[in-house]
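In what follows, a structure is listed as structure tokens, so that the remarks can point back to it.
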Ligand SMILES: [Zn+2]
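In the numbering used here, the protein residues as written are -6 to 95.
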């Protein structure tokens, strides 16, 4: 069986949902970034960890807003395996990029 990472598909309502993103699609999007981005900006290693939830999907964080009526900002994150530096990417952007994966 071939492991092909396909694009993130919209649901029946035509929208992309961060909850549908697989760890393979997340990593495929990260791989589209520049070579420089693969290095930790703190310790320069190239080893990143992606925490997975019980469905083996990348953990989705909701950044709280303390203003009334504001939407939560959803993001995915990776941590540097050496120094623990955490980088996060807004889910909306990751999903848009994932929908364009070949
Ligand atoms: Zn680091």
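A virtual CB, placed ideally from N, CA and C, is assigned to each residue, including glycine. Treat the numbers as computed from the prediction; the structure is a model and nothing was measured.
Shortest gap from the CB of residue 29 to any heavy atom of ligand 1: 8 Å or more.
Apart from the 5 residues on each side of it in sequence, residue 3 sits with its Cβ closer than 6 Å to the Cβ of 9 in its chain, given in chain order.
DSSP places residue 5 in the coil class of the three-state scheme, outside both helix and strand. Taken atom to atom, the span from the alpha-carbon of residue 42 to that of residue -3 is near 21 Å. If you draw a straight line from the Cα of residue 0 to the Cα of residue 95, it comes to about 6 Å. The shortest C-alpha to C-alpha distance from residue 75 to any of 13, 24, 22, 40 is the one to 40.
Contact annotation: residue 44 and residue 35 have beta-carbon atoms that are not nearer than 9 Å.
Going by beta carbons, residue 11 and residue 70 fall outside the 9 Å limit. The alpha helix (DSSP H) runs of length 4 or more contained entirely in the region -3 to 44 are, from start to end of the chain, 16 to 24.
Contact between residue 19 and residue 87 is confirmed by a C-beta separation of about 7 Å, below the 8 Å threshold.
Only exposed fits residue 5, as fewer than 16 other CB atoms lie within 10 angstroms of its CB.
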